[in-house]
Amino acid sequence: MKSDDEIFDDIEGLILKEAAKFYSPAVIEHFNNPQNFGEIEDADANTYMSGICGDTIGIFVKLTGDKISNIGFVTNGCGATISCASALTCMAKDRNLNEARNISSQQLIEFLGGLPIENTHCADLAVNTLRGALAKLS
Ligand code: FES
829 MKSDDEIFDD IEGLILKEAA KFYSPAVIEH FNNPQNFGEI EDADANTYMS GICGDTIGIF
889 VKLTGDKISN IGFVTNGCGA TISCASALTC MAKDRNLNEA RNISSQQLIE FLGGLPIENT
949 HCADLAVNTL RGALAKLS
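Going by the numbering used here, the first residue of the sequence shown is number 829, and it counts up by one from there.
Here you go:
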C-alpha cells in the first residue's frame with residue numbers, strides 16, 4: 829500500500845503532466861520554484877494591482893543607486909500569475925530603472941517560452957504592477 833507521500837507524489841506528477849500540455853517548461857519551473865517570492869521590509873517602493881480576473885500581485889523594489897538590487901513579489905493569483913511575477917522579477921533584477929520600465933508583456937511571455945492566450949493578461953498584470961512600483965521612484 830502506498831504512503832500518503834507516495835500518493836501525493838503520484839497526484840503531483842499527474843498534475844504536472846497535464847500542465848505540460850498547456851504550459852512551457854519555464855512556466856512550470858517558475859510555478860514550482862518561484863523566484864524572489866515575498867515582501868521586502870525595507871523596499872524603496874511597492875505597489876499592489878489587480879487584473880481583469882481579480883487576481884492581485886504586489887511588487888517590492890529596493891534600489892542601489894539607479895539599479896534594482898532587490899525585488900520581491902506576492903500574489904493570490906493562479907499558477908500562470910505566479911510564473912509571470914517570478915520570471916519578471918528575474919528579468920528586472922540588476923537592471924536600471926529605465927531598463928526595467930521598458931520590459932514589455934511580450935518580452936516576458938517570450939522569456940517564459942510562451943503562454944496560452946487566456947493567460948496573457950497575467951503577464952500584463954505583472955508588467956503593470958512592476959511599472960506601478962517603479963513610477964513611485966521617478
Ligand atoms: Fe488572471 Fe492570472 S492574473 S488568471
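Virtual Cβ for every residue (Gly too), placed ideally from N, Cα, C.
- Taking residue 929 as the centre and dropping the five residues before and after it, the same chain places the C-beta of 959, 962 closer than 7 Å to its C-beta, in chain order.
- DSSP, read as helix, strand or coil, puts residue 941 in coil.
- Using a 10 angstroms sphere on the CB of residue 901, the tally of other CB atoms reaches 16 or more, which defines it as buried.
- Boundaries of the beta strand (DSSP E) harbouring residue 891: 884–892, taken from the DSSP string.
- In the same chain as residue 854, and ignoring 5 residues on each side of it, the C-beta atoms closer than 6 Å to its own belong to 940, 941, in chain order.
- By the rule of a C-beta closer than 7 Å to any heavy atom of the ligand FES, the residues picked out are 879, 880, 881, 883, 905, 906, 908, 909, 947, 949, 950, 953.
- A distance below 7 Å separates the beta carbons of residue 896 and residue 923.
- Residue 905 and residue 830 have their C-alpha atoms spaced approximately 32 Å apart.
- The residue from 903, 852, 847, 837 with its alpha-carbon nearest to that of residue 864 is 903.
- Restricting attention to 836, 952, 882, the CA atom closest to the CA of residue 933 is found in 952.
- When only Cα atoms are considered, residue 857 and residue 898 end up about 21 Å apart.
- The C-beta distance from residue 888 to residue 867 rounds to 5 Å, short enough to fall under 8 Å.
- Collapsing the DSSP output to three states places residue 879 in coil.
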